[in-house]
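Data first, discussion second: the structure below is written as structure tokens.
Protein chains in written order, with our numbering: chain A, 1 to 144; chain B, 1 to 179.
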């Protein structure tokens, strides 16, 4: 049953990795709904110093300042949209990991679908060409 | 025919992409500021040298000025200090400092040892003014026109060349524009 141990160890590691968020002196927000929104928002905001980390994960001072900002705005009953707008007004769309869908970001959002369409067209053409091929390269039945 | 066009087309497309994307002169960490053309965020902070004195950019309305974000922890700020001193000697525009994520004592020592190019240095105790300006590092240098609009932002160490080519033309254009 050693494979069970391997799976358990893997799950523990995954859980530990998920706990990797930066910790502030403030602790958690009292209202669990606010804390959930806090986590959601900070995970979608890019730390501009490290650029590939969210402000939820980063230990940089700027990320801590931005977390404090998010926290204060949540306690002031600001909506998620208002908080994201506060951030993009100051840091631009780049601060969001989920860029808004607008004309200049159309290519980013559309690229997966364009690539899927190109792939489907290529497969369709290859399959059609192969289906027209003579069957003479099939292995002949019977003993060789 | 297609067997020729497709690979050559792909090659040209990649070459163009790499020419822009791998340009060594391009700072991949420099982000365009959404503040350009917008009103400069107002701040009212204390002076780093004299805490009793207030430094506010609202008082500068009608003047073109430069806001330079720095800190004693910032190596590139040390590098650009000579350039800032030389620029302040030109007396073209006032340079306002914003001391960011720093300690008063260290900042005072820095200014007394290295010289003070600033008209005034605002002390950003908790980083809020920096957030309002979209600052994510130091040094960052902003140019604000007489109507209080952000004209330009330069990220990384100031040099005499940058001053001459990026700042001075914008300053004279802003002044011609009636600012």
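Idealized CB from N, CA, C, for every residue including glycine.
What you are looking at is a predicted structure, and each value in this text was computed from that prediction instead of being measured.
Subject >> Contact belief for residue 152/B with residue 128/B at Cβ below 8 Å, rounded distance in angstroms >> reply: Approximately 23 Å separates the beta-carbon atoms of residue 152/B and residue 128/B; this is outside 8 Å, ruling out the contact.
Subject >> Contact belief for residue 87/B with residue 65/B at Cβ below 8 Å, rounded distance in angstroms >> reply: With a contact defined as Cβ atoms closer than 8 Å, residue 87/B and residue 65/B miss out at about 12 Å.
Original post:
Taking 8 Å as the CB-CB cut-off, is residue 132/B touching chain A?
Top reply: Chain A contact via Cβ: present.
Original post:
residue 120/B and residue 75/B look like a contact to me (Cβ under 8 Å); what is the Cβ gap, rounded to whole Å?
Top reply: Beta-carbon to beta-carbon, residue 120/B and residue 75/B are separated by about 24 Å, too far to satisfy the 8 Å threshold.
**OP:** Can you tell me which of 45/B, 49/B, 12/B, 8/B puts its alpha carbon nearest to the alpha carbon of residue 116/B?
**Re:** Restricting attention to 45/B, 49/B, 12/B, 8/B, the CA atom closest to the CA of residue 116/B is found in 49/B.
Subject >> Euclidean distance between Cα positions of residue 38/B and residue 23/A >> reply: The alpha-carbon atoms of residue 38/B and residue 23/A are separated by roughly 35 Å.
**OP:** Could you check which residue in 125/B, 25/B, 92/B has the C-alpha nearest to that of residue 164/B?
**Re:** With respect to the C-alpha of residue 164/B, the residue from 125/B, 25/B, 92/B having the closest C-alpha is 92/B.
Subject >> Positions along the stretch 22–38 of chain A whose CB lies within less than 8 Å of some CB in chain D >> reply: The displayed structure is made up of protein chains A and B, and chain D is not among them.
Subject >> Boundaries of the alpha helix (DSSP H) in which residue 92/B is found, first to last residue >> reply: Following the DSSP letters along the chain, one finds residue 92/B in no alpha helix (DSSP H), marked with neither H nor E.
Original post:
In whole angstroms, what is the alpha-carbon distance linking residue 100/A and residue 82/A?
Top reply: Residue 100/A and residue 82/A have their C-alpha atoms spaced approximately 14 Å apart.
Original post:
residue 53/B by DSSP, collapsed to three states: which one?
Top reply: Coil, per DSSP.
**OP:** Starting from the beta carbon of residue 152/B, find every residue of chain A whose beta carbon is closer than 8 Å, and list them in chain order.
**Re:** Those do not exist, as residue 152/B stays about 15 Å from chain A at its closest Cβ, beyond 8 Å.
**OP:** Could you list which residues in chain A have their beta carbon closer than 7 Å to that of residue 137/B, in chain order?
**Re:** Within chain A, the residues near residue 137/B are 49.
**OP:** Provide the residue span of the beta strand (DSSP E) that contains residue 153/B, from first to last.
**Re:** Unbroken beta strand (DSSP E) run through residue 153/B: 150–155.
Original post:
Under the three-state reduction of DSSP, which class applies to residue 19/B: helix, strand or coil?
Top reply: Helix at residue 19/B.
**OP:** Compare the Cα-Cα distances from residue 71/B to each of 138/B, 172/B, 175/B, 166/B and report the closest residue.
**Re:** For residue 71/B, the nearest C-alpha among the options comes from 138/B.
Subject >> Buried versus exposed call for residue 21/B [16 or more other C-beta atoms within 10 Å across all chains shown] >> reply: Answer is exposed; the Cβ neighbour count stays below 16.
**OP:** Output the boundary residues of the beta strand (DSSP E) element that contains residue 144/B.
**Re:** Looking at the DSSP string, the run of the beta strand (DSSP E) that includes residue 144/B is 140–144.
**OP:** Could you tell me how far apart the beta carbons of residue 31/B and residue 84/A are, in whole angstroms, since I believe they sit closer than 8 Å?
**Re:** Incorrect: roughly 17 Å between the Cβ atoms, too far for contact.
Subject >> Straight-line Cα distance separating residue 175/B from residue 76/A >> reply: The alpha-carbon atoms of residue 76/A and residue 175/B are separated by roughly 41 Å.
**OP:** Note down the Cα distance separating residue 42/B from residue 44/A, rounded to an integer number of angstroms.
**Re:** Residue 42/B and residue 44/A have their C-alpha atoms some 28 Å from each other.
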